[in-house]
Amino acid sequence: MEFDEVVMAVHNAPVRAYRAGRGRPLVLLHGGGVDSALLTWQPAWNALTRLGSVLAADLPGFGASPLGTTVPTLAGYRDWLTAFLDAAGVARAVLVGLSLGGGIALQTALDAPQRVDGLVLCAPYGVSPQVPGGRAGFLAVHSPGLSSLTYAGLRHSDTLLRRALGALMSRPESVDAQLVQQVRALLDDRHIGEAWARFQRYEVGWRGPRTYWTTQLSALSVPVVLLSGDGDTLVPMRDLRAAADRLPHGKFESVASAGHWLPREAPAAVAAATAGLLADFDANPSPPLPRKDLT
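Below you can see the structure in the form of structure tokens.
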């Protein structure tokens, strides 16, 4: 894995980012929980950097990027992302996002479409009316101190850590010693999980998630590929299929023998979906207007 590591100032806070490749800009956005740019995108990095100019950052509050003044909501991360693109000198990009990162990508495409050429979304947040775990998930998110206890347990127990990682994967062999070591290194940060906990408390309600895009998706004129692992227990496959049907230029793809953490467990599928979107975009550089405007 070859890259240039850079630190940029965005909203008066440092952001750790990684760049490699040449061509059309591809911006990679990782997920929530215990995550970082390298942790999620390392397995797919070499394949993606052959497709374009790749830029991946630790989101504010994750990895080596402090939260700073960024508000950990979709709107807050949208504002941060547009400022990050400005700092990186990227006018427009294809956004490739996982889970939380997919939700940020969608929010940005809806609110700042002039910055987005296309979307590749791996089990994105915002397309399902369900909260993982249902009412039990709500209680876990809103129980004071539970998050800190959970991270403390993960720091001190390989069994708990492997079990937590296994919930994101479909195949047990995907949780190997290297992955455990990488996650344990992130757990050493005393601020780990704070931004994610704040995001969840804002988004997770008793009746469901605050954000659930339905009719809004018809406004997107860019090509969108939605990927779902057939073993994903966090974002139901049926909800991604339904979201693809609501998109004027949406495509759904199921990934066999994979769970929620697609870039780690199925990096070839993520790279192939990105390559397919780029090929379609190059063949049709000016996508047709959304269906609702064709009157």
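Position one of the sequence shown corresponds to residue 1180 (this note's numbering), numbered consecutively onward.
Every residue, glycine too, gets a C-beta built ideally from N, C-alpha and C.
Here the alpha carbon of MET1180 sits roughly 21 Å from the alpha carbon of ALA1267. Counting along the chain, PHE1263 sits inside the alpha helix (DSSP H) bounded by residues 1253-1267.
Taking PRO1351 as reference, the option from TRP1440, GLY1387, ASP1418 with the minimal CA-CA separation is TRP1440.
Of ARG1271, GLU1444, THR1252, SER1232, the smallest CA-CA separation from ASP1183 is found for SER1232. Using a Cβ distance threshold of 8 Å, PHE1378 and GLY1211 count as a contacting pair.
Among the bridge pairs identified by DSSP, LEU1298 is matched with LEU1274, VAL1403. If the five residues before and after VAL1383 are omitted, its C-beta is found closer than 8 Å to the C-beta atoms of VAL1310, GLY1316, PHE1317, VAL1320, HIS1321, ARG1389, all from its own chain and listed in chain order. Cβ contact annotation for PHE1263 (same chain, cutoff 6 Å, sequence separation greater than five): VAL1189, in chain order.
DSSP, read as helix, strand or coil, puts SER1397 in helix. Under DSSP, ASP1418 shares a beta bridge with no residue. Only residues of its own chain outside the window of five on either side were considered, and among them SER1349, MET1416, SER1433, VAL1434, ALA1435, SER1436, ALA1437 have a CB closer than 8 Å to the CB of ASP1409, listed in chain order.
In this chain, the beta strand (DSSP E) harbouring TYR1197 covers 1192-1199. For the pair of segments examined, the stretch 1194-1213 was found to touch the stretch 1232-1250: the number of CB pairs separated by less than 8 Å reaches three. With three or more CB-CB distances shorter than 8 Å, the stretch 1280-1291 counts as touching the stretch 1397-1405. The Cβ atoms of LEU1339 and GLY1332 lie closer than 8 Å to each other. Counting only the Cα atoms, VAL1414 lies some 25 Å from LEU1457. For GLU1432, the enclosing beta strand (DSSP E) begins and ends at 1429-1434. DSSP assignment within the stretch 1294-1367 yields the following whole beta strand (DSSP E) runs of 3 residues or more, N-terminal first: 1295-1301.
Exposed is the label assigned to GLN1357, since fewer than 16 other Cβ atoms lie within 10 Å of its Cβ. Rounded to the nearest angstrom, the gap between the Cα atoms of VAL1194 and VAL1269 is 15 Å.
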